[in-house]
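Just so you know, the numbering used here puts 221 at position 221 of the sequence shown, and the rest follows in order with no gaps. Ideal Cβ placement from N, Cα and C applies to all residues, glycine included. Quick caveat, the model's predicted, so the values are computed rather than measured. Report on the structure given below.
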Amino acid sequence: MTAPRPDGTWVVGRDDHVCVLRYDGATRRTMGIDGAAQVAALVAERAARPEPPVLVLVVDVLHAELAEVKQMGEGRPIGDWAPWLAAIDGVEGYPSATVVAVPVQATCGGLELSLAADIRVASPSARLGVLETRMGIMPGAGGTQRLPGLIGTGNAALLVLTGEAISGAEAHRMGLVQLVADDPVARAIELAESLALIGHQVLAAAKRGLAAARGGSPEGFRTEGRAFLSLVHLPTTQRRIDDWLAQQADGRNPAVRHSPLP
């Protein structure tokens, strides 16, 4: 079956020394290739300014558009997914501070985009995680590479292998989220205001130091990508994705189930 086309869009809020970009994913909360291309362009345009603003990304994304993922297994050129990598790389390499606010949900591609930011703020009840193994695939946009450095290999394995989401409160305990607030958007903007006072040149230099300490191997990202591609073609994966899409089409949310995780 074919799921509805994603109808989400990125909305620009304030855009001065602090820029707020909010994803409106409508009821399905999925983000397709077009949404990834949109945020990549918005981030790149602000990065090119003489004084790049501090970015606040309000992320409410369940996952990528699964109909597009299914097409990958049916032979769609892998290059079509370049906007996802451009968006994530653009956030990670942005020449000023980046703060993600998660009011409701950042899972799968939504979390992988969030992992590229410097700081994450979530509500206590927000849901964060990588659900892909439950769809017969695995994180393919940096999740397996960035999570271990943030929360340790054991916690990363717990999230990646189970495919379960955790609460914002538990994500804070793990170190996945740095701040918890009932209104994470307001808290993120408040933090961004303070960061903007420091100045983009200082922030960019400090980020270069942090990036050098973080390391990260290009081969690791390539290994993740190859492993992801090895799964999308499997008949079992195609059936799982079809089932997931069917549940969404019936108005159910397959991402929500009883979980052994907090």
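- Contact between Ile-241 and Gly-136 is confirmed by a C-beta separation of about 7 Å, below the 8 Å threshold.
- Per DSSP, Ile-119 lies in no alpha helix (DSSP H); the unbroken beta strand (DSSP E) holding it starts and ends at 119–122.
- DSSP places Val-91 in the helix class (H, G or I) of the three-state scheme.
- Ranked by how close their Cα comes to the Cα of Ser-125, the residues Val-100, Thr-133, Leu-159 and His-172 have His-172 in first place.
- Boundaries of the alpha helix (DSSP H) harbouring Arg-214: 200–214, taken from the DSSP string.
- DSSP assignment within the region 119–173 yields the following whole alpha helix (DSSP H) runs of 4 residues or more, N-terminal first: 143–151 and 153–162.
- For Asp-34, the enclosing alpha helix (DSSP H) has its first and last residue at 33–47.
- Put simply, the region 169–183 does not touch the region 24–32. Fewer than three CB pairs are less than 8 Å apart.
- Cβ contact annotation for Leu-195 (same chain, cutoff 6 Å, sequence separation greater than five): Val-54 and Ala-97, in chain order.
- Beta-bridge pairing by DSSP links Thr-9 to Asp-24.
- In terms of Cβ geometry, Gly-25 and Gly-8 form a close pair [threshold 8 Å].
- Within a 10 Å sphere around the beta-carbon of Asp-60 sit 16 or more other beta-carbons, which makes this residue buried.
- The beta carbon of Gln-38 lies closer than 6 Å to those of Trp-10 in the same chain, with the five residues before and after it left out.
- Between Ala-101 and Val-18, the gap from beta carbon to beta carbon reaches 8 Å or more.
- Rounded to whole angstroms, the separation of the alpha carbons of Ala-41 and Leu-245 is 29 Å.
- When the beta-carbon positions are compared, Val-91 and Ala-188 stay at least 8 Å from each other.
- In the three-state DSSP reduction, Arg-14 falls in the strand class (E or B).
- With respect to Val-104, Gln-178 sits apart: the two C-beta atoms are not nearer than 8 Å.
- Gly-168 sits close to Ser-123, with the two beta carbons spaced by under 8 Å.
- Just so you know, the alpha carbons of Ile-88 and Gly-75 end up roughly 24 Å apart.
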